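Single-structure report; data block below.
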Amino acid sequence: MKSHTAGWCLVLFIACVLVHTHALAEEFGEELPEAGHTPMALPVDDTKADDFALHIARQAALELQIGLTLYKQRDDYRAIGSLKRYQILDPRPEAAFAAALMIGQIYQRNSHPDLAIFHFEQAFQSAAATSDGVFAYMLAVQEMCLSLSLYGECYRRLNALSQVELGRESADLVRYQLLYSEVVLRSPHLNVGRLETLSTAQFREHGHALLARHQAFDALALKRPWLAGTISAVLPGAGQAYNGRWIDAAIAFGFNATFGAASYYAFAHADSPVAGAAFALLGAGFYIGNIVNAVVDAQNINARRYQDFFESLERDHWPRLSFGINDDQVQFHYRFGQDEADEVSGPPTPPAPTDSQLDRLL
Numbered sequence: 033m034k035s036h037t038a039g040w041c042l043v044l045f046i047a048c049v050l051v052h053t054h055a056l057a058e059e060f061g062e063e064l065p066e067a068g069h070t071p072m073a074l075p076v077d078d079t080k081a082d083d084f085a086l087h088i089a090r091q092a093a094l095e096l097q098i099g100l101t102l103y104k105q106r107d108d109y110r111a112i113g114s115l116k117r118y119q120i121l122d123p124r125p126e127a128a129f130a131a132a133l134m135i136g137q138i139y140q141r142n143s144h145p146d147l148a149i150f151h152f153e154q155a156f157q158s159a160a161a162t163s164d165g166v167f168a169y170m171l172a173v174q175e176m177c178l179s180l181s182l183y184g185e186c187y188r189r190l191n192a193l194s195q196v197e198l199g200r201e202s203a204d205l206v207r208y209q210l211l212y213s214e215v216v217l218r219s220p221h222l223n224v225g226r227l228e229t230l231s232t233a234q235f236r237e238h239g240h241a242l243l244a245r246h247q248a249f250d251a252l253a254l255k256r257p258w259l260a261g262t263i264s265a266v267l268p269g270a271g272q273a274y275n276g277r278w279i280d281a282a283i284a285f286g287f288n289a290t291f292g293a294a295s296y297y298a299f300a301h302a303d304s305p306v307a308g309a310a311f312a313l314l315g316a317g318f319y320i321g322n323i324v325n326a327v328v329d330a331q332n333i334n335a336r337r338y339q340d341f342f343e344s345l346e347r348d349h350w351p352r353l354s355f356g357i358n359d360d361q362v363q364f365h366y367r368f369g370q371d372e373a374d375e376v377s378g379p380p381t382p383p384a385p386t387d388s389q390l391d392r393l394l
């Protein structure tokens, strides 16, 4: 009986709540928003929004200058952190360009060419000016050539870049590097006509020197490994003498002569075939080693002469591209060997922070 009474009381309570809710809905229905409409947004304090934007801009400028200071002090990995924060705080393409460029150079000078190429390509994609983008792209190409020796990929990229309309200086740089890549790749179809398209006297001068070096490659004093091996087989030590290794030649001849004589004496006079066989086996080992040594040494000599040739070619005739940052602009440079760096102006950078700001934030 009690359970039925409690159930009816619960039903009555729920009915009263529903009736009251319906009455409230009818009373205030006109004040509720219609379906498909949203209520008016709360008012925004424009002053506070401007203050926040100004704070972010100042923080971005400070992060940039901290990154520049650490970059110049070669505190490289802390500089990367500041430059990454600068990229996040400042959404402008100029910020992405400058930060990626500096991070790329940090990785370049720490011998991480893959990461350097990645960030130089990021700078190229973010560059506002075509000339800045071209130089950033060519920094990536330079890493491929000089650090990774991927001259085939460098040639492909430079050839694609030469099809784009560029400024006079950029076009000369691209054409010259194409000529240089053909020389390094020993192309049978060297495009000598590119020299006539170079409008810069410095590029023309180095272009003619490149052609002379290309022809001088065939006149390199190289050893013939097959010849070194053959004469060593005829006379042990002769191949080492041919390679200019006089001490090795004396050692090879001495060991082969010693074991040959000992083997002959054991067989002919000492009546000791076991000793004779042992000496003959050792002599055969030194004889074969003498031939192999002469061949490998000739190959190594050739490899070192190739390396010296291409290292001197790179040192004297590659237009090494880099950039520097001062208080008011980024400057691109290229230079040949010990020549003075030619400068190309880039985007401006904000003024440096005060010492107190750096002390507080570093």
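For the sequence shown, the numbering used here begins at 33 and goes up steadily by one. Cβ atoms here follow ideal geometry from the backbone N, Cα and C, with glycine treated the same way. The structure presented is a predicted model; accordingly, all values stated were derived computationally and were not measured.
Return the first residue and the last residue of the alpha helix (DSSP H) that residue i is part of.
i: residue 213; result: 200 to 216
i: residue 228; result: 226 to 229
i: residue 191; result: 183 to 194
i: residue 264; result: 257 to 266
i: residue 144; result: That residue, residue 144, is in no alpha helix (DSSP H); it is neither H nor E in DSSP.
i: residue 167; result: 162 to 178
i: residue 271; result: 270 to 274
According to DSSP, is residue i helix, strand or coil?
i: residue 352; result: strand
i: residue 240; result: helix
i: residue 106; result: coil
i: residue 67; result: Low confidence applies here, because residue 67 scores a pLDDT of 42, under 50, leaving its location unreliable; read the following figure in that light. Note: residue 67 maps to coil in three-state DSSP.
i: residue 336; result: helix
i: residue 367; result: strand
i: residue 111; result: helix
i: residue 253; result: coil
i: residue 373; result: Note that residue 373 scores a pLDDT of 43, beneath 50, so its modelled location is shaky; the value from the coordinates is reported in the next line. In the structure shown, residue 373 sits in coil (DSSP, three-state: anything other than H, G, I, E or B).
i: residue 325; result: helix
i: residue 277; result: coil
i: residue 245; result: helix
i: residue 232; result: coil
i: residue 122; result: coil
i: residue 221; result: coil
i: residue 197; result: coil
i: residue 93; result: helix
i: residue 130; result: helix
i: residue 282; result: helix
i: residue 159; result: coil
Applying the 10 Å Cβ sphere with the 16-neighbour rule, what's the burial state of residue i?
i: residue 211; result: buried
i: residue 164; result: buried
i: residue 275; result: buried
i: residue 277; result: buried
i: residue 204; result: buried
i: residue 104; result: exposed
i: residue 114; result: buried
i: residue 282; result: exposed
i: residue 340; result: exposed
i: residue 86; result: exposed
i: residue 193; result: buried
i: residue 92; result: buried
i: residue 335; result: exposed
i: residue 351; result: buried
i: residue 248; result: exposed
i: residue 225; result: exposed
i: residue 56; result: In this prediction, residue 56 has a pLDDT of 38, which is less than 50 and means its spatial position is unreliable; what the coordinates show is noted afterwards. So residue 56 ends up on the exposed side.
i: residue 231; result: exposed
i: residue 235; result: buried
For residue i versus residue j, is the C-beta spacing smaller than 8 Å?
i: residue 108; j: residue 142; result: yes
i: residue 133; j: residue 139; result: no
i: residue 315; j: residue 344; result: no
i: residue 257; j: residue 327; result: yes
i: residue 337; j: residue 254; result: yes
i: residue 89; j: residue 126; result: no
i: residue 184; j: residue 222; result: no
i: residue 152; j: residue 175; result: yes
i: residue 220; j: residue 180; result: no
i: residue 318; j: residue 287; result: yes
i: residue 171; j: residue 353; result: yes
i: residue 325; j: residue 272; result: yes
i: residue 265; j: residue 323; result: yes
Using a C-beta cutoff of 8 Å, does residue i count as contacting chain D?
i: residue 290; result: The displayed structure is made up of one protein chain only, and chain D is not part of it.
Rounded C-beta distance between residue i and residue j? I'm assuming under 8 Å.
i: residue 173; j: residue 198; result: Going by Cβ atoms, the distance from residue 173 to residue 198 rounds to 14 Å, so no, they are not a contact pair.
i: residue 246; j: residue 215; result: 5 Å
i: residue 200; j: residue 229; result: Actually they do not touch by this definition, with Cβ atoms about 11 Å apart.
i: residue 364; j: residue 84; result: Actually they do not touch by this definition, with Cβ atoms about 36 Å apart.
i: residue 119; j: residue 128; result: 6 Å
i: residue 240; j: residue 227; result: 7 Å
i: residue 263; j: residue 270; result: 4 Å
i: residue 348; j: residue 369; result: 5 Å
i: residue 117; j: residue 95; result: 5 Å
Is the beta carbon of residue i within less than 7 Å of some heavy atom of the ligand GDP?
i: residue 132; result: Absence of the ligand GDP is noted for the structure shown, with no ligands found whatsoever.
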